[in-house]
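Peer 1: Okay, handing you the structure first.
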Amino acid sequence: MSDSIIIARSAEHPAVQIIRFNRMEKKNAFTRAMYRTMTDALNAANSDAGIRVTVFLGGEGCFSAGNDIGDFLAAAMGGGMGQELIDFLYALANAGKPLVSGVDGLAIGIGTTLNLHCDLTIASDRSQFRTPFVDLALVPEAGSSLIAPRIMGYQRAFAMLAAGEAFTAEDARQAGLIWKVTAPEEVESQTLATAAKLAAKPPEALRLARDLIRGPREEVITRIDEEARHFAARLKSAEARAAFEAFMRR
Ligand code: COA
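Residue 90 in numbering that gives the first Met the number 0 is what sits at position 91 of the sequence shown, and the numbering runs on without skipping anything.
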């Protein structure tokens, strides 16, 4: 288990599992070990009747700066990405119980796209959502190329995923990426209260309703695989390696 992710139960609402990003010194950039810990927690929720909702939370002013670029560089140098990221994306797509996220501040790369798999997201008014995939010579991941245009329409999805435009919290709310905008100091309490309300509902009815609203998982998984094939090839490109090296050299 990675110390950079803290898995806990809400003290007030034990049926709410909390996945807390805890690598603030690196802006909560996700390492392979962090993905592994998060995947285990998501999979545990599927089989543990005591967990009814899982919540993602970051730190003050920073949700996540996305995948660790050092890990990207290691993959570009021939080390490969390993299975951890793809397993995490499968776990998100296969989550059988509601996922709720609370975003305060930076949400970059997968810090943005993981919210596409959440059922409800509450973000602070100072949050910023950004996916600089193409600027890093990469392609969108996490099924975002399928899910984002569906929820926000083609042009906004293109602006976010291909043009790398930053979305404010209000932009993200209008685009349907998130549910609510609130003050920074309210994010955690509102996120946990939202999760607790869901956790109190009849679980089987909630599961069925959620499955109906989300639609088939298979097409999301197929798109995750298709994106991952391109992503793996792009990681090895000279232009991607140059972009990662430029970031690491700053
Ligand atoms: N991977 C690895 N390390 C990262 C990181 C990432 N994605 N994001 C931030 N960090 C590290 C920085 O290297 C720095 O480490 P250091 O203190 O050892 O030098 C530390 O986190 C703080 O980041 P810093 O850049 O100094 O903070 P900032 O407030 O000036 O900028 C960001 C924050 C997030 C805007 C900036 O770090 C950034 O652009 N990160 C990359 C985001 C990204 O492209 N992610 C991949 C998406 S696919």
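From the three backbone atoms N, C-alpha and C, an ideal C-beta is built for every residue, glycine too.
The structure displayed is predicted, hence computed values, not measured ones.
1) Roughly how many whole angstroms lie between the Cα atoms of Ser188 and Gly77?
2) Compare the C-alpha of Arg51 against each of Arg8, Met80, Phe20 and Glu83 and name the closest.
3) Straight-line CA distance for Arg22 to Ser63?
4) Three or more beta-carbon pairs under 8 Å between the region 70-85 and the region 219-234, yes or no?
5) In chain order, which continuous runs of the beta strand (DSSP E) of length 3 or greater are located wholly inside the region 96-127?
6) Look at the Cβ atom of Glu59, then the Cβ atom of Ile109, and state whether they are nearer than 9 Å.
7) Between Ala66 and ligand 1, is there a pair consisting of the residue's CB and a ligand heavy atom that are separated by less than 8 Å?
8) What did DSSP end up calling Ser63 once you bin it into helix, strand or coil?
9) Does the distance between the C-beta of Gly69 and the nearest non-hydrogen atom of ligand 1 fall short of 8 Å?
10) DSSP three-state call for Lys200: helix, strand or coil?
Peer 2: In brief:
1) 43 Å
2) Arg8
3) 9 Å
4) yes
5) 98-102, 105-107 and 119-123
6) no
7) According to the sequence shown, residue 66 is Asn rather than Ala. Yes - ligand 1 has a heavy atom lying nearer than 8 Å to the Cβ of Asn66.
8) strand
9) yes
10) coil
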